[in-house]
Amino acid sequence: MPTMLPIVKPGAVSLADVLPDSVAALGGRRGRLGLPSARSVVVVVIDGLGAHALAARSGHARTLVAARARNIDSVVPSTTAAALTTILTGAWPGTHGLVGYRTIDRDNDRVVNQLSGWDGLMVPETWQRSTTVFERIGNGPIAAVAVGPAKFAGSGLTRAILRGAPYVEEDDVAARFAIAAERARTERTLTYVYVPELDKVGHRDGVESSAWTAALEGLDSAVAVLDAAVPRRTGILITADHGMLDVPHDSHVLLSQHVDVMAGVRHVAGEPRFLHLGLEEPAAAVAVAATWSERFGDSSWVATRDEAIDAGWFGTDVSAESRDRMGDVLIAPRRLIAFYDDRHGDVPGRRMVGQHGSVTPEERSVPVIRLGAWRQ
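So the sequence shown is numbered by the numbering used here: it starts at 346 and just counts up by one.
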């Protein structure tokens, strides 16, 4: 049976507060996270470090779990392109426009990948609609830099969400943290460090695997070294873009086996845990949503675009451009299933074990961990 849509509370503390509050602390002001003033700040985003998975492996992450922490919500959908953009702009997906992993480009009648599919029809500097926190810092007294793997330097997503800050390439996690610790010796510096390695292990092996636990242990040790290396009055804030859960292979829903509900669907975007369905006739959204709800309502939340916006899924300020990139109908699993459009052949993504994107607590709840001068 269909279930009521989860409501995203307007004004709740979220990932949108992480970088703006860190900047405020450098100016001696307290934001919504209540961060005390700091001489320098290091913000670490560990991709895929969900609050639920961390709690379940607390014995393997003693530095992280011993620190002062709280859990906050990621965005909807709980996926990297949308959530990282929110962290780095302070805006929700309905405002900044990156509303999922793969989104609908109606002007060019196609689906585009917002992690790796940037091209001349999708210019990063204008496709991502919000100014970044780094751009707002500008040429003021705070010096900012982003540190991450070399493969992301100059990528479309980097140009879209990190504009305004120089990008320092470093493939080794410990070396990234060493750069951050060294920069923290200079007053009024903001260093953003991106750590995608845990997410990669989670997708490949699952968050319940020994490989993920080992990767978490390694990161925890590296964080302990960072915490010991920064000078006094350096605030360290560690968070994540989303959580993750393991979806069994035999729980995959193959759309080739449900061709009847695909009637009128022109584009399938989003990701396996959060589908965006673009319709041939958008006016048919209510009817299509009813058909999908009858078929999948016992395992997924099914909403028209308007219903999802009214439920606050994409924030309180949804632009016309962002609306246009959303599906006319949205499917968000609430049980351990994942949707795959295999109508044109096998889908390589089916090899993934750990998945995310939906609005469940396992996928949306992320930790905000305070170390350094913010430990107490």
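A virtual CB, placed ideally from N, CA and C, is assigned to each residue, including glycine.
Remember, predicted model here, so these are calculated numbers, not experimental data.
- The alpha-carbon separation between A396 and W437 amounts to approximately 20 Å.
- Ranked by Cα distance from G580, the first of I352, N416, A628 and L535 is L535.
- In this model, A498 and L507 are separated by some 10 Å (Cα to Cα).
- Following the DSSP letters along the chain, one finds V513 inside the beta strand (DSSP E) bounded by residues Y512 to E514.
- In the DSSP secondary-structure assignment, V387 is bridged to T536 and I581.
- If you compare the alpha carbons of G373, P351 and R377 with that of A357, the shortest gap goes to R377.
- If one requires a minimum length of 4 residues, the alpha helix (DSSP H) runs lying completely within the region 349-383 are 363-371, in chain order.
- Residue burial is scored here from C-beta neighbours: P511 has fewer than 16 other C-beta atoms within 10 angstroms and is therefore classed as exposed.
- When the Cα atoms are used, H587 and T425 turn out to be separated by approximately 7 Å.
- The alpha carbon of H548 has as its nearest neighbour, out of V420, L590 and V540, the alpha carbon of L590.
- According to the DSSP assignment, L443 belongs to no beta strand (DSSP E), since it is labelled neither H nor E.
- Within the region 591-651, the alpha helix (DSSP H) runs of at least 4 residues that lie entirely inside it are, in chain order, 630-641.
- Within the model, the alpha-carbon separation for G690 versus P706 is close to 32 Å.
- Within the same chain, A426, A427, T430, Q459 and Q473 come within 7 Å of L443 by CB-CB distance, once the 5 residues on both sides are set aside.
- Exclusion of the five residues before and after D550 leaves A556, W557, V698 and G699 as the residues of its chain whose Cβ lies within less than 8 Å of its Cβ.
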